[in-house]
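Line by line, the protein sequences are chains A and B.
So that you can map any letter, position 83 of the first sequence is 83 in the working numbering, and since no number is skipped, the others follow by simple counting.
So that you can map any letter, position 259 of the second sequence is 1259 in the working numbering, and since no number is skipped, the others follow by simple counting.
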Amino acid sequence: MSEGTQIPADRRYTREHEWALREDDIVVVGITDFAQHELGDVVYVELPAVGGRVTAMKEFGVIESVKSASDLYSPLTGEVVATNAELAEHPELVNDSPYDRGWMIRVRADDITELDTLLDSDGYQQVIGAA
Amino acid sequence: MSCSCSEVVAELLRTPLAERHRALGARMAPFGGWLMPIQYEGIVAEHLHTRAAAGLFDLSHMGRLAVTGPEAAALLQRATTNDVERLADGAAQYSLLCNAQGGILEDLLVYRLPELWRLVVNAANRRRVIDQLDRLRDELELKATVRDDTFDQALLGLQGPESEAILGLLGVSAPGSLAYYHARQDAIVLADRALASGGATGMLASAGAALPPIPALLSRTGYTGEDGFELMVAAADVGVVWDRLLADPRVRPVGLGARDTLRLEAGMALYEHELTEEVSPFEAGLSRVVRFEKGDFTGRDALGQLRGVAPARTLVGLGFEVGAVPRAGHRVLLDGDQVGQIASGTFSPTLRRPIATAYVRSAFAEPGAKLQVDARGVLVPARVVSLPFVPHQTRRGRAAAG
């Protein structure tokens, strides 16, 4: 099922299929290639307001495919400094470019070392290999 | 996302095309007791392709029953709400089975064929329909037999504007002459070379040695709002017919995911969503298929009492702006008070925004009424709109328009 699924080694992962990429003191968050493939056509993404707080492993938004709605889980705790406004018009970017143009939120982490507690690409590969 | 339900999956029924679905990379899931393809390349792409060209559906999970015997018509008159005597030979009608209280037990198609009455019923209700018919037959001591052909035959749907032209290449006699909601026994002729090359050259019958004709019941029916056909063939024959249809570059396989978005755009009911035992035909907007003048039938007394009274709730279409998608079971509100509930909700690939059906208090059922839906805690503005969401392109629809 994970055949051909991309898992870049430059970032960290949750068991709930979000990725977290560090850019200096900011962390960019999105969902994985595996997740977008499982969801199918993404038709709506509900994101928190800029300035809002997100908490590690708590819901920060909702992603909807044609058939279902799923919660999005934050990889870490911090303040939302930006959201991907392009997703309002083009939610399909999550399918087309999950690791780049389909990003969801940028978070200023309270504790950047929280990233080290997340899965690396090998660890995430094992999670989806067993799915 | 993972499924550790292998025991349950093992008990699911499989259509004769199950291996082909797997080979095509379909995502399979349980539906009505069957393991069925939900999507191949993706729901939106399959949906749009069906409206633009042609989609091929495996509908072999649907129950297909034959009712025969000298009093078959009498049994169907007593069991269903529509009037089977209005059917000419080769014609089909949409109908309902109701319980004694007037609640809907099943929605189905009834075909009047020269040799038998053919019923096409929902997969999950097949047993229930057979039991209901057998019980009525025994109770009324009618000379009629109900036979279950579901496992001996397969059912394919070919839906979309190119369907007629595509079927014309299969050797069936003038599919264009078949009227909407009509069926006839026909035969599919596949040439050897056509099968091998898969080309749509228009000369298939003469291009190579013809295989023996495959008997097929061809009907101009569907569940998408598009022009299209359904083909009933023997289970042993369906593989080559499926392969030949898919070899046409205009045809793509379509799963149950897009079948649901297509039928909802077309404003067509799905059992367990718009129709349940708790719902009357009048609430569901189906009074046209309840024929009191034909005589007695199950549910007639209860429905006769309900007929004279305005229903407390009514099935409506709801239109939305881009945003959260309302789903079955979500509450419909007016100024914070619940006035209804979503029956089906999805994202419309054609309109590129959410659509839904809902049962709402009849006072708020007029098109234009402004309501809200509680979609997972988010209050979404909704407007009552008339059904269907997307106009039908069936032959009858075109005839009426022209």
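The beta carbon of each residue, even a glycine, is placed where N, CA and C say it ideally should be.
Asked                                                                                                                                                          : Found
Apart from the five residues on each side of it in sequence, which residues of its chain come closer than 6 Å, Cβ to Cβ, to L1059/B?                           : L1155 and G1157
Would you tell me roughly how many angstroms separate the C-alpha atoms of W19/A and A1269/B, rounded to the nearest one?                                      : 40 Å
Go through its chain and collect everything with a Cβ distance to V94/A's Cβ below 6 Å, but skip five positions before and after it.                           : Q36, V42 and G102
Look at the alpha carbon of G61/A and the alpha carbon of Y73/A, and state the distance between them as a whole number of angstroms.                           : 7 Å
Leaving out five residues on either side along the sequence, give the residues of the same chain with a beta carbon under 7 Å from the beta carbon of T1050/B. : Q1159, G1160, T1224, E1226, V1254, A1258 and L1262
List, in order along the chain, the chain A residues whose C-beta lies closer than 9 Å to that of A1324/B?                                                     : Y44, E46, V62, E64 and A69
For R1331/B, tell me which candidate among Q1093/B, R1118/B, G1033/B and Q1372/B has the shortest Cα-Cα distance.                                              : Q1372/B
Whose C-beta lies closer than 8 Å to the C-beta of E1085/B among residues of the same chain, with five residues either side of it excluded?                    : A1073, Q1077 and K1294
Going straight from the alpha carbon of L971/B to that of A1144/B, what length do you get?                                                                     : With chain B running from 1001 to 1402 in the structure shown, residue 971/B is simply not present.
Quick one: what's L1217/B bridged to in DSSP?                                                                                                                  : Q1185/B and M1232/B
What separation, rounded to the nearest whole angstrom, lies between the Cα atoms of Y99/A and V28/A?                                                          : 10 Å
Alpha helix (DSSP H) containing A1165/B: first to last residue?                                                                                                : S1163 to G1168
Taking the continuous beta strand (DSSP E) assigned at A1382/B, which residues delimit it?                                                                     : V1378 to V1385
Nearest to L118/A by CA position, among T55/A, D24/A, R15/A and S70/A, is which residue?                                                                       : R15/A
Which residue or residues does DSSP assign as beta-bridge partners of D126/A?                                                                                  : A quick correction: the sequence has Gln, not Asp, at residue 126/A. Paired residues: none, contrary to the question.
Give the DSSP-derived three-state secondary structure of W103/A in the structure shown.                                                                        : coil
In terms of DSSP beta bridges, what is T1346/B paired with?                                                                                                    : I1355/B
Any residues in the region 1230 to 1264 of chain B with a beta carbon nearer than 9 Å to a beta carbon of chain A? Which ones, in chain order?                 : G1257, A1258, D1260 and T1261
Could you list the residues in the region 1331 to 1349 of chain B with a C-beta less than 7 Å from some C-beta on chain A, going in chain order?               : T1346 and F1347
Go through its chain and collect everything with a Cβ distance to G1199/B's Cβ below 7 Å, but skip five positions before and after it.                         : Because the pLDDT of G1199/B is 45, which lies under 50, any placement of that residue in the model is unreliable, and the question is left without a value.
To the nearest angstrom, how far is it from the Cα of G78/A to the Cα of Q1338/B?                                                                              : 37 Å
Just tell me which of F1364/B, V1360/B and S1095/B has its CA closest to the CA of G1329/B.                                                                    : V1360/B
Quick check: is the beta carbon of G1042/B nearer than 9 Å to any beta carbon in chain A?                                                                      : yes
For G1198/B and chain A, any beta-carbon pair shorter than 9 Å?                                                                                                : Low local confidence applies: a pLDDT of 46 at G1198/B is under 50, so the model's placement there is unreliable, with the coordinate-based value given in what follows. Chain A, which has no Cβ nearer than 9 Å to the Cβ of G1198/B, makes this no.
Quick one: is T113/A buried, meaning 16 or more other Cβ sit within 10 Å of its Cβ, or exposed?                                                                : exposed
Leaving out five residues on either side along the sequence, give the residues of the same chain with a beta carbon under 8 Å from the beta carbon of L1379/B. : L1333, Q1372 and V1373
Verify the CB distance criterion: does G102/A have a CB-CB separation below 9 Å to chain B?                                                                    : no
So, is the C-beta of D171/A closer than 9 Å to a C-beta in chain B?                                                                                            : This structure cannot settle anything about residue 171/A, because the visible part of chain A is limited to 1 through 131.
Which residues, taken in chain order from the region 1020 to 1046 of chain B, show a beta carbon closer than 9 Å to some beta carbon of chain A?               : R1027, I1038, Q1039, G1042, I1043, V1044 and A1045
Helix, strand or coil: how does DSSP classify L1087/B here?                                                                                                    : coil
If we call anything under 9 Å between Cβ atoms a contact, is E1366/B one with V1384/B?                                                                         : yes
State the DSSP-derived secondary structure class of I112/A, mapped to helix, strand or coil.                                                                   : helix
Looking only at its own chain, which residues have a Cβ that is under 8 Å from the Cβ of W1242/B, when we skip the five neighbours before and after it?        : L1017, R1020, L1056, D1058 and L1156
Under three-state DSSP, which class holds A1207/B?                                                                                                             : Summary for A1207/B: the model assigns pLDDT 49, below 50, so the residue's position carries little reliability; its value from the coordinates is reported in the next sentence. A1207/B falls in the helix class under three-state DSSP.
Using a threshold of 9 Å, state whether the C-beta atoms of L1217/B and R1184/B are closer than that.                                                          : yes
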